[in-house]
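The numbering used here puts the first residue of the sequence shown at 55, with every later residue one more than the last. Positions of the beta carbon are idealized from the N, C-alpha and C atoms, including for glycine. These figures come from a predicted structure and were not determined experimentally.
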Amino acid sequence: MPGRRNTRRVGIADVASMAGVSHATVSRVMNGNTTVDADIAARVRAAASELKYKPNPVGRSLALGKTDTIGIVVPDLSNPTFQAILRGLSIAAARDGYRVLIADSSEVSSEEAILAGEARRRCDGVVLCAPA
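Spelled out as structure tokens, the structure:
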């Protein structure tokens with residue numbers, strides 16, 4: 055269409071092509087692997103910078119088999135006890151590079167089971183809080 059810009063996202067293949075290396079080499083450099091020759095790593099980083107490459111978090115999660123996310127299902131977000139648990143979990147998770155996905159079951163047990171199942175599929179771990 056006239057006037058329409060190409061909005062295709064820059065991918066690892068684009069960086070590899072520009073740097074003259076394989077996809078695997080780009081992946082190793084972007085993941086901080088130190089076994090890649092320093093000159094090659096610099097070339098990859100320069101290509102990534104020039105292309106304004108940003109890793110795709112979904113693709114990264116699939117490739118690494120982890121999401122860096124912990125889910126927590128609480129029965130009542132307005133309860134101060136659960137707020138304290140959430141605060142503590144968030145602090146501990148952030149310290150280890152994890153994010154926290156919060157779900158409120160509104161004290162409905164059938165909802166807890168559904169939320170826990172969804173969290174298991176999307177998170178590396180799940181914390182289930184019992185009603186107080």
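Quiz item: My guess is that Val69 and Leu105 are in contact by the Cβ rule of under 8 Å, so how many angstroms apart are they, rounded?
Solution: 6 Å
Quiz item: Cβ of Arg126 within 9 Å of Cβ of Ile139?
Solution: Per the sequence shown, residue 126 should be read as Ile rather than Arg. Yes, the Cβ-Cβ distance between Ile126 and Ile139 is below 9 Å.
Quiz prompt | Inter-residue spacing [alpha-carbon to alpha-carbon] between Phe136 and Ala157 | solution = Spanning the alpha carbons of Phe136 and Ala157 requires a straight line of approximately 12 Å.
Quiz prompt | Separation of Asp130 from Leu169, as counted between CA atoms | solution = 14 Å
Exercise. Could you pull out every residue in the same chain whose Cβ sits closer than 7 Å to the Cβ of Pro109, ignoring the five residues on either side in sequence?
Key: Met84
Practice problem: Kindly identify the DSSP beta-bridge partner or partners of Asp158. | Solution: According to DSSP, Asp158 bridges with Val128.
Practice problem: Could you name the residues of the same chain whose beta carbon sits closer than 6 Å to that of Met72, not counting the 5 residues immediately before and after it, in chain order? | Solution: So the qualifying residues of the chain are Ala101.
Quiz item: If you draw a straight line from the alpha carbon of Thr89 to that of Arg82, how long is it in whole angstroms?
Solution: Roughly 8 Å separates the two Cα atoms.
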